[in-house]
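Participant:
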Amino acid sequence: MSALRRYPVIWAGAALLVLAVVLSSLTIVPETRQALVLRFGEPIRIINAYDRREEFGRTGAGLALKMPFVENLVWVDKRVLDFDMPRQAVLSTDQVRVEVDAFARYRIVNPVRMYVSAGSERRVSDALKPILGSALRNELGKRPFRILLSPERDVVMNNIRTSLARVAAQYGAEIVDVRIKRADLPDGTPLESAFNRMRTARQQQALSIQAEGQRQASIIRGDADAVAANTYAASFGKDPAFYDFYRAMQSYRYTFGTDDTQPRGSATILLSPDNDYLREFAGKKP
Amino acid sequence: MIAGAVLSEDGPWGGGSDGGEGGKTPWRAPAGGAGPSALDALIQRGRERLGGGNGGGGAPGLHIGGAWRWGILALLLLWVALTSAHTIGPQQRGVITRFGKYVGTLQPGLGLSFPAPIDIVSKIDVDNIHVIDIDTGVDGATGQNLMLTGDENIIDLAYSVRWNIRDPELYMFELQDPDGTIKEVAESAMREAIARVTLDQAIGAQRGQIEQQVAQRAQETLDSYHAGVVIQGVAIKQADPPSEVVDAFKEVSAAQQNAQSYLNQARAYATQVKAKAQGESTAFDAVYAQYKLAPEVTRRRMYYDTMERVLAKSDKTIVEPRNVVPYLAPPAAVAKPQEPAK
């Protein structure tokens with residue numbers, strides 16, 4: 390106490406120094422990061438290293454100790470990282486050009502190897518990107534285009550993933566997933582010809598639908614005519630001679646407009662006295 | 182005991198402001214229950230050294246120092262109170278990290294934690310349903326979101342994905358870009374599902390199935406990433422043929438309409454023809470039945486009936502002499518002389 394009274398400034402300075410040492414030997418490691426400890430540049434240990442069976446809260450995140458001025462830290466993301474492969478034109482075995490988008494997700498599982506071989510996560514994804522592109526081209530180049538539109542697509546993605554995983558392991562990374570996002574026909578001629586094919590297919594469909602409609606309509610009409618003819622025959626066939634007479638009478642009425650229809654022209658009838666109708670008119674006896 | 186003393190002073194603030202006006206050191210020292218602290222002593226010694234002759238000012242200076250101390254204490258208390266008590270809304274969870282380490286999750290209600298630099302509480306909305314819209318127009322130039330279907334046709338699709346957070350810890354710690362990941366996974370799943378159906382199925386019948394497949398597939402993928410999110414649903418808002426071929430599709434529906442109208446016309450004709458046949462034959466049958474009862478009479482009657490009607494309505498000329506050809510005025514010529522008379 391007396392020494393404190395005598396040299397307060399010195400004591401304050403000393404306290405600050407101790408604080409600085411304590412602070413620089415303490416590090417806060419968040420759950421989302423792994424800390425690679427380098428002692429004079431040599432990787433010594435990893436704080437909060439990724440472990441697939443981990444539970445949050447028990448992984449070494451939180452306050453951590455390191456030797457001040459001797460050890461320094463390299464931060465490595467612990468989360469699942471991703472990179473998109475820019476659109477690429479891929480030529481399939483059946484000479485279809487397809488534009489493919491893909492993305493990969495990965496995680497740094499070996500920060501030491503990552504640090505030694507790449508330096509940072511960014512450099513890892515920069516290194517993996519072209520490899521994903523070439524793996525994709527290789528894999529799709531071996532297959533016809535239609536594979537992309539079939540369940541075999543999974544096989545393709547798995548193959549790509551396997552070949553990418555081999556390279557990723559060299560960078561201390563693990564590939565979580567590779568996925569083809571889009572597979573499209575490129576703009577211009579291929580897309581246009583696909584549209585054309587769709588268009589003509591539809592036109593053909595339209596014509597056949599219409600023709601089918603006409604066919605069915607004709608059948609319906611024919612059937613109806615047949616039914617009608619049958620009805621007529623069944624009825625009139627009982628006495629063709631009487632039908633002839635009956636129909637003639639009907640016909641006269643119609644033609645001369647006596648059945649309340651309007652005849653087209655007026656009629657002047659020239660009757661010979663021999664006419665059967667005038668038989669009684671002439672006073673003859675039949 | 183010290184706390185009791187502080188309370189008896191009517192609070193730290195009251196004591197401090199009073200001290201500035203009253204300026205009675207001897208009263209304050211015993212009331213505090215303890216002598217000046219080491220820090221006070223340090224400050225006072227410093228003042229004495231630097232100030233030298235200003236001995237009288239030393240006493241009020243000590244009081245201002247006390248107020249300062251209480252002020253800092255109060256701020257500290259306020260800070261602790263504000264940063265260690267958290268109200269978590271019913272839709273939220275509070276993820277606590279202690280120096281970056283996950284220590285627990287606060288459930289809705291009032292939650293306590295250590296004060297701020299030690300514990301950080303991130304409130305995460307878990308029940309809030311987020312909607313990602315993937316609209317037509319993402320292709321920029323064409324203004325459409327074109328996808329290939331299983332029969333190598335192209336469809337223009339717009340859909341939305343609804344999701345919420347299931348595990349706030351996983352959501353916070355597992356993925357670098359959870360929101361972007363969800364979108365990409367959903368898009369990839371959608372394109373995959375569309376690639377497995379034909380254009381007609383995608384446009385019409387199987388939309389519901391596709392939605393379910395995509396939701397399921399996206400969920401599986403996200404689970405494999407430990408994303409901690411739940412896909413609540415995928416809704417296809419629009420599934421149309423691309424605008425370039427839409428006319429051809431309209432032709433098809435026009436053709437369907439046409440075909441339908443052909444059928445309708447044919448059916449109308451059929452009904453009419455059959456009904457006519459039915460009617461005529463029934464009428465004939467009825468007359469024939471009567472005719473059979475008295476054939477000759479009926480026949481004559483019908484003949485006279487008809488002739489009567491026919492001849493009643495027409496102009497008649499009876500040519501009497503067998504070998505005289507009568508002059509017959511055509512109906513027009515006959516009509517003409519009558520006109521002036523009218």
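Residue numbers (our numbering), protein chains in the order written: chain B, 390 to 675; chain F, 182 to 523.
Backbone N, C-alpha and C define an ideal beta-carbon position, used for all residues, glycine too.
Starting from residue 439 of chain F, follow its DSSP beta bridges and name the residues at the other end.
Facilitator: Counting from 1 along the second sequence, the entry for residue 439 of chain F is found at position 258. Looking at the DSSP assignment, residue 439 of chain F forms no beta bridge with any residue, so it has no partner.
Participant: Please look up how many angstroms separate the CB atoms of residue 610 of chain B and residue 447 of chain F, rounded, as I've assumed it's under 8 Å.
Facilitator: In the first sequence, the residue the question calls residue 610 of chain B occupies position 221. In the second sequence, the residue the question calls residue 447 of chain F occupies position 266. Rounded, the Cβ-Cβ distance is 5 Å, consistent with contact.
Participant: Looking only at its chain, what residues have a beta carbon closer than 7 Å to the beta carbon of residue 205 of chain F, apart from the 5 residues adjacent to it on each side?
Facilitator: Within the second sequence, numbered from 1, the residue matching residue 205 of chain F stands at position 24. With a pLDDT of 40 at residue 205 of chain F, under the threshold of 50, the modelled position of that residue is not reliable, and no figure is offered here.
Participant: Name, please, each residue of chain F whose Cβ falls closer than 7 Å to the Cβ of residue 592 of chain B.
Facilitator: Within the first sequence, the letter at position 203 stands for residue 592 of chain B. The answer, in chain order, is 429 and 432.
Participant: Would you please verify whether the beta carbon of residue 354 of chain F is less than 7 Å from any beta carbon of chain B?
Facilitator: Within the second sequence, the letter at position 173 stands for residue 354 of chain F. Yes, because at least one Cβ of chain B sits closer than 7 Å to the Cβ of residue 354 of chain F.
Participant: Is the Cβ of residue 282 of chain F closer than 7 Å to any Cβ of chain B?
Facilitator: For this step, residue 282 of chain F is matched to residue 101 along the second sequence. It does: the Cβ of residue 282 of chain F has a partner Cβ on chain B nearer than 7 Å.
Participant: Alpha carbon to alpha carbon, what distance is there between residue 349 of chain F and residue 392 of chain F?
Facilitator: Numbered from its first residue, the second sequence carries residue 392 of chain F at position 211. Numbered from its first residue, the second sequence carries residue 349 of chain F at position 168. Rounded to whole angstroms, residue 392 of chain F to residue 349 of chain F spans 26 Å at the Cα level.
Participant: Quick check on DSSP: helix, strand or coil for residue 477 of chain F?
Facilitator: By 1-based counting over the second sequence, the position of residue 477 of chain F is 296. DSSP places residue 477 of chain F in helix when its eight states are reduced to three.
Participant: In chain order, what residues of the same chain have a beta carbon less than 6 Å from the beta carbon of residue 625 of chain B, not counting five sequence neighbours either side?
Facilitator: The count along the first sequence starts at 1 and reaches residue 625 of chain B at position 236. So the qualifying residues of the chain are 632.
Participant: Report yes if the CB atom of residue 468 of chain F is closer than 7 Å to the CB atom of residue 617 of chain B, and no otherwise.
Facilitator: What you label residue 468 of chain F is simply residue 287 of the second sequence in a count that begins at 1. What you label residue 617 of chain B is simply residue 228 of the first sequence in a count that begins at 1. No, Cβ-Cβ distance for residue 468 of chain F and residue 617 of chain B is not below 7 Å.
Participant: Here's the rule I'm using: 16 or more other beta-carbon atoms within 10 Å means buried, otherwise exposed. How should residue 538 of chain B be labelled?
Facilitator: Translated into positions along the first sequence, residue 538 of chain B becomes position 149. That one is buried.
Participant: Counting only C-beta atoms, is residue 406 of chain F closer than 7 Å to chain B at any point?
Facilitator: Here residue 406 of chain F is taken as the residue at index 225 of the second sequence, counted from 1. At least one chain B Cβ lies under 7 Å of residue 406 of chain F.
Participant: Measure from the C-beta of residue 331 of chain F to each C-beta in chain B and report whether the shortest distance is under 7 Å.
Facilitator: The count along the second sequence starts at 1 and reaches residue 331 of chain F at position 150. Cβ-Cβ to chain B under 7 Å: yes for residue 331 of chain F.
Participant: Check the DSSP bridge columns for residue 327 of chain F and list the partner residues they point to.
Facilitator: Position 146 of the second sequence, counted from the start, is the residue given in the question as residue 327 of chain F. Per DSSP, F:337.
Participant: Is the CB of residue 465 of chain F under 7 Å away from at least one CB in chain B?
Facilitator: Sequence index remark: in the second sequence, residue 465 of chain F carries index 284 (1-based). True, the Cβ-Cβ gap to chain B drops below 7 Å.
Participant: Which ranges would you report for the beta strand (DSSP E) in the region 460-544 of chain B if only whole runs of at least 3 residues count?
Facilitator: List check, beta strand (DSSP E) in window: 460-466, 470-480 and 486-497.
Participant: Taking the CB atoms as reference points, tell me whether residue 497 of chain B and residue 557 of chain B lie closer together than 7 Å.
Facilitator: One-based indexing of the first sequence puts residue 497 of chain B at position 108. One-based indexing of the first sequence puts residue 557 of chain B at position 168. Cβ atoms of residue 497 of chain B and residue 557 of chain B: not closer than 7 Å.
Participant: Strictly below 7 Å CB to CB, what residues from chain B border residue 423 of chain F?
Facilitator: Against the second sequence, residue 423 of chain F aligns to sequence position 242. Per Cβ cutoff of 7 Å: 584.
Participant: Do residue 560 of chain B and residue 513 of chain B have their C-beta atoms within less than 7 Å of each other?
Facilitator: Taking the first residue of the first sequence as 1, we reach residue 560 of chain B at position 171. Taking the first residue of the first sequence as 1, we reach residue 513 of chain B at position 124. Yes, the Cβ-Cβ distance between residue 560 of chain B and residue 513 of chain B is below 7 Å.
Participant: Less than 7 Å between CB atoms is the rule here; does residue 326 of chain F satisfy it with respect to chain B?
Facilitator: Locating residue 326 of chain F in the second sequence gives position 145, counting from the first residue. Cβ-Cβ to chain B under 7 Å: no for residue 326 of chain F.
Participant: I want to see whether chain B comes within less than 7 Å of residue 444 of chain F, judged by CB atoms only; does it?
Facilitator: Numbered from 1 along the second sequence, position 263 holds the residue referred to as residue 444 of chain F. Yes, residue 444 of chain F lies at the interface with chain B (some Cβ there is under 7 Å from its Cβ).
Participant: For a cutoff of 7 Å on Cβ pairs, would you count residue 496 of chain F as touching chain B?
Facilitator: Start at 1 with the first residue of the second sequence, and residue 496 of chain F comes out as number 315. So yes, residue 496 of chain F belongs to the interface.
Participant: Relative to the alpha-carbon of residue 430 of chain B, which residue among B:545, B:644, B:445 and B:462 has its alpha-carbon at the smallest distance?
Facilitator: By 1-based counting over the first sequence, the position of residue 430 of chain B is 41. Closest by alpha carbon: B:462.
Participant: Just grab the DSSP bridge partners of residue 303 of chain F for me.
Facilitator: Locating residue 303 of chain F in the second sequence gives position 122, where the first residue counts as 1. Beta-bridge pairing links residue 303 of chain F to F:276.
Participant: Contact criterion: CB-CB distance below 7 Å. Does residue 450 of chain F meet it with respect to chain B?
Facilitator: Residue mapping note: residue 450 of chain F aligns to position 269 of the second sequence, counting from 1. Residue 450 of chain F counts as touching chain B.
Participant: Is there a Cβ of chain B sitting closer than 7 Å to that of residue 384 of chain F, yes or no?
Facilitator: As a first step, residue 384 of chain F is located in the second sequence; it is residue number 203 there, counting from the start. By this cut-off, residue 384 of chain F is not an interface position.
Participant: Determine the chain F residues that contact residue 599 of chain B at a beta-carbon separation under 7 Å, and present them in chain order.
Facilitator: Taking the first sequence and counting its residues from 1, the one referred to as residue 599 of chain B is at position 210. Here the neighbours are 436, 439 and 440.
Participant: Which chain F residues are close to residue 558 of chain B, counting only those with a beta carbon under 7 Å from its beta carbon?
Facilitator: Start at 1 with the first residue of the first sequence, and residue 558 of chain B comes out as number 169. Neighbours of residue 558 of chain B on chain F: none; closest Cβ ~19 Å, over 7 Å.
Participant: Over the uninterrupted beta strand (DSSP E) stretch that includes residue 283 of chain F, give me the two end residues.
Facilitator: The residue given as residue 283 of chain F occupies position 102 in the second sequence. That run of the beta strand (DSSP E) goes 282-287.
Participant: Counting C-beta neighbours from all protein chains within 10 Å, is the total for residue 475 of chain B 16 or more, i.e. buried, or is it exposed?
Facilitator: As a working note, residue 475 of chain B is residue 86 in the first sequence. By the 10 Å Cβ count, residue 475 of chain B comes out exposed.
Participant: Helix, strand or coil for residue 234 of chain F per DSSP?
Facilitator: On the second sequence, position 53 is the one that residue 234 of chain F refers to. A caution first: residue 234 of chain F carries a pLDDT of 43, below 50, which makes its placement in the model unreliable, though a value can still be read off. Looking at residue 234 of chain F - three-state DSSP - the assignment turns out to be coil, as it is neither helix nor strand.
Participant: How is the alpha helix (DSSP H) around residue 398 of chain F delimited, first residue to last?
Facilitator: Position 217 of the second sequence, counted from the first residue, corresponds to residue 398 of chain F. 388-405 is the span of the alpha helix (DSSP H), which, as asked, contains residue 398 of chain F.
Participant: Given a threshold of 16 other Cβ atoms within 10 Å of its Cβ, counted over all protein chains shown, does residue 381 of chain F qualify as buried or as exposed?
Facilitator: By one-based count along the second sequence, residue 381 of chain F stands at place 200. It counts as exposed.
Participant: If you compare alpha carbons, which of B:663, B:546 and B:509 is closest to residue 527 of chain B?
Facilitator: Residue mapping note: residue 527 of chain B aligns to position 138 of the first sequence, counting from 1. The shortest C-alpha separation from residue 527 of chain B is found at B:546.
Participant: Does the structure place the region 395-404 of chain B close enough to the region 469-484 of chain B that three or more beta carbon pairs sit under 8 Å?
Facilitator: No, the region 469-484 of chain B is not in contact with the region 395-404 of chain B.
Participant: Within the same chain, show all residues whose beta-carbon is closer than 7 Å to that of residue 379 of chain F, passing over the 5 residues directly before and after it, in chain order.
Facilitator: Within the second sequence, the letter at position 198 stands for residue 379 of chain F. So the qualifying residues of the chain are 330, 331 and 332.
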